[in-house]
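Numbering (my numbering), first residue to last: 17 to 436.
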Ligand SMILES: [Zn+2]
C-alpha cells in the first residue's frame, strides 16, 4: 500500500504545491467576490480587492469569518448568510447551531476519497456507513465518496448493533465508516453473541471522523482485530479538512483547500509547531467560506512524511478557542445549554460535564434546584428530552446535587476527558 496514492497531487514538490495552491486561491477569491454577496461585502468593508490576494500569505488581509458568528449571519440573511455562490442550492443540510449548509462541493469528495484511499479502501470493497443520513451531511457525503472510489456502500446510519452485525456478516463487509466508539460497540456486541470477530467477519479497514480516536482504541482495532484504521479531521461546514495516512504521524492537509494556523486574536499566520486556530479556505464554488475560523486549535508540521505524501500535516485538534465542547461528534454550545435550562425555572444552577468511560463520551447534566420538594424524576426526564432535542445529542444522566456545589460563574460545559 506504500507509494500508492489517490492522485498525483498528493506527492507534488513543495514548490509545485505552493504555486498550485496560490493559483487555486486566486481563482477562488475572484469567483467568490463575483458570486457570494456576503464575501464581497466583507472584502469591501476591509478595503481589500481580489487582485491583492495572490499567495497564501495574502490571506491575512481578509477578515476571518467565525463559526460563532455564522448563525447570526444566517439569521440576518437567510437561509445561507449571503455566502451561497450558485443560483439555487440543490440540498440544505442542518448542523448544530443551527447552521445551514448547501450540498458538498466536488473537491470535498476528492478529499474524502483521498482519506479513505490512504486507509486502504479500494475499488471492489464493500462498506457500511454508520453516520446519520438525515439533517447533517456526513452520511450522504461518504456515500458519494465511496461511489467515486468504486466501493459498494450500505447506508446503515446510527445505532442497532445487532442489525449492523448481520449486515457485516451476510454481505461480507470489508470497510467501516463512522465513529471509533461505535465500531467498538459493534465488536463488543459480536463477542457477547459468541462470535470470534476476526474469524467470523471480513472487516479490514475502518475510517473515522467526528470523534477522536484514542491511542488505546486504535491499538485494540489494529492488534486485536487486525484492522487498518485511520481518522480524519473536519467540521460540519467544510467536511473533511485533513486525513491520516497509515504512518499515524499527523493529518495530511489535502490539496483541495488551504488551512492556516493563526493567532486567534490577530489573525496572523503562525509557523510550524505553533498552536493556533485552524482557519480554512476551501476551493468551493458553491459555498465559498473563505477564511473560516473553525475555533479548533492545532499546529502543523512540515517534516516529510515517510508515506511519501508531501503535504504539511496537522497535529490533531488540541482544544477549542471558544467554550464549545464536542461530545459524540456534536458541538455543544454554552448558548444552547442556556436555552435548554431557561425552560426549567426550578433549576437554580447547572453544569454539563463531558467525561470519558471505556473510550466513550459520557454527558452528565449536574443541576441544583431552587426547591427540593418538586418531582425530581419528572424534571430529569423532561430535561433529558429537551437537552436531546436542542443539542441533538443524548445526555447520559441528570444528577441533582446540593445547592452551592457549582461555583458561581463556572463554565456551562466542562470537558473532563483525557485521552490516553
Ligand atoms: Zn503520511
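Glycine residues also receive a C-beta, built at the ideal position from the N, C-alpha and C atoms.
Own chain residues within Cβ distance below 8 Å of residue 377, not counting five before or after: 197, 227, 343, 344, 370, 371 and 433
Segment contact, 8 Å Cβ cut-off, at least three pairs: the stretch 276 to 284 with the stretch 158 to 165: no
Near ligand 1: residue 311 beta-carbon under 8 Å from a heavy atom: no
Whole-Å CB distance - residue 80 paired with residue 295, under 8 Å assumed: 6 Å
beta-carbon residue 329 near ligand 1 non-hydrogen atom, thresh 8 Å: yes
Check your reading: residues with Cβ closer than 6 Å to ligand 1 heavy atoms: 261, 263, 268, 321, 323 and 325
Cβ neighbours of residue 69 in the same chain (closer than 6 Å, five flanking residues each side left out): 45
Candidates 83, 315, 337 and 276, of which the one nearest residue 330 by Cα: 315
Bridge partner(s) assigned by DSSP for residue 116: 110
Spatial neighbours of residue 200 in its chain, beta-carbon cut-off 7 Å, leaving aside the 5 residues before and after: 233 and 375
Three-state class that DSSP yields for residue 277 in the structure shown: strand
Residues of its chain near residue 230, where Cβ-Cβ distance is below 6 Å and the 5 sequence neighbours each way are ignored: 375 and 435
Alpha carbon of residue 348 to alpha carbon of residue 84, nearest angstrom: 12 Å
CB contact flag (residue 214, residue 27, <9 Å): no
In DSSP terms, what residue 124 is bridged to: Looking at the DSSP assignment, residue 124 forms no beta bridge with any residue, so it has no partner.
Residues bridged to residue 380 (per DSSP): 369 and 413
Reduced DSSP secondary structure (H/G/I, E/B, other) of residue 139: coil
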